[in-house]
Each structure stands twice: as C-alpha cells, then as structure tokens.
Amino acid sequence: MTTFKPCDELRRYLEAQGALSITELRSRVGAKQDTQIRHWRDGVRRPKPKTAVAIEQVTLGQVPRHVWYPDEWKDIWPEYEPTPPKSLQAAETQGEPGHA
Numbered sequence: 003m004t005t006f007k008p009c010d011e012l013r014r015y016l017e018a019q020g021a022l023s024i025t026e027l028r029s030r031v032g033a034k035q036d037t038q039i040r041h042w043r044d045g046v047r048r049p050k051p052k053t054a055v056a057i058e059q060v061t062l063g064q065v066p067r068h069v070w071y072p073d074e075w076k077d078i079w080p081e082y083e084p085t086p087p088k089s090l091q092a093a094e095t096q097g098e099p100g101h102a
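Residues in the sequence shown are numbered from 3 upward in steps of one, following the working numbering.
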C-alpha cells in the first residue's frame, strides 16, 4: 500500500479558529465519512483530484490542491498556478461564504 505524507495544511486548517469542522468539511466536499477527512489529514490516503479542488475551494485556499499531488499536479491541472492562501479571517471580512 502506498503511503502519503500527512497533510500539514489540512491539519492547520482544521485547528484554525473559524474553520469548518471535519463533519462540515466532509459534507461540503462530498466525502462519505468523517474518516476520509482524517485519512487525508494523516497521510493514510489522499483525495481524488476532483475532491482536492473542492477542498481548496471550501477551505478558501488554505489547503491548496497541489499539496496532495506534489509531483503530478502540473500534469493533472496544467492551467493551475498556486497562489498564497488568504487567511480565514481575511476571507471572512471580505464576505466569503461558508465560514463563520
């Protein structure tokens, strides 16, 4: 079985004030169980590319898609250019939906 490195970005996001809970994140990205989110966080598995994009969008860029596919992301998303994520607080003050 392939092992992946733990996703520090997801761990930091989940621990941040104003972040979605594991259950809320699961629901918004279409995962079936909270365990999937924990597996992604802990490096047991990684999300499919489509789900990685959803995670990036739902976390307001705090967990960018390329962290899941460090060697393949340019082939998967040739149009994608990584950008620094906004802080959760900055996103909230700009009125981005989904985070309280």
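Backbone N, C-alpha and C define an ideal beta-carbon position, used for all residues, glycine too.
Residue interval of the alpha helix (DSSP H) (run including residue i)
| i | result |
| --- | --- |
| residue 16 | 10-17 |
| residue 67 | Looking at the DSSP string, residue 67 is not in any alpha helix (DSSP H), and its letter there is neither H nor E. |
| residue 33 | Residue 33 -> no alpha helix (DSSP H), and no H or E assigned at all. |
| residue 51 | 51-60 |
Alpha carbon of residue i to alpha carbon of residue j, nearest angstrom
| i | j | result |
| --- | --- | --- |
| residue 87 | residue 61 | 9 Å |
| residue 43 | residue 81 | 26 Å |
| residue 15 | residue 23 | 10 Å |
| residue 39 | residue 19 | 18 Å |
| residue 77 | residue 52 | 14 Å |
For residue j and residue i, believed in contact at Cβ under 8 Å, the rounded distance
| i | j | result |
| --- | --- | --- |
| residue 9 | residue 46 | Between residue 46 and residue 9 the Cβ distance is about 10 Å, and since that is not below 8 Å, they are no contact. |
Own chain, CB closer than 6 Å to residue i, minus 5 neighbours either side, in chain order
| i | result |
| --- | --- |
| residue 99 | Residue confidence is low: residue 99 scores 49 on pLDDT, short of 50, so the model does not pin down where it sits. Its coordinate-derived value is still stated next. Nothing meets the Cβ criterion. |
| residue 28 | 36 and 39 |
Proximal residues to residue i (C-beta, below 8 Å), its chain only, five neighbours per side dropped
| i | result |
| --- | --- |
| residue 30 | 22, 56, 60 and 100 |
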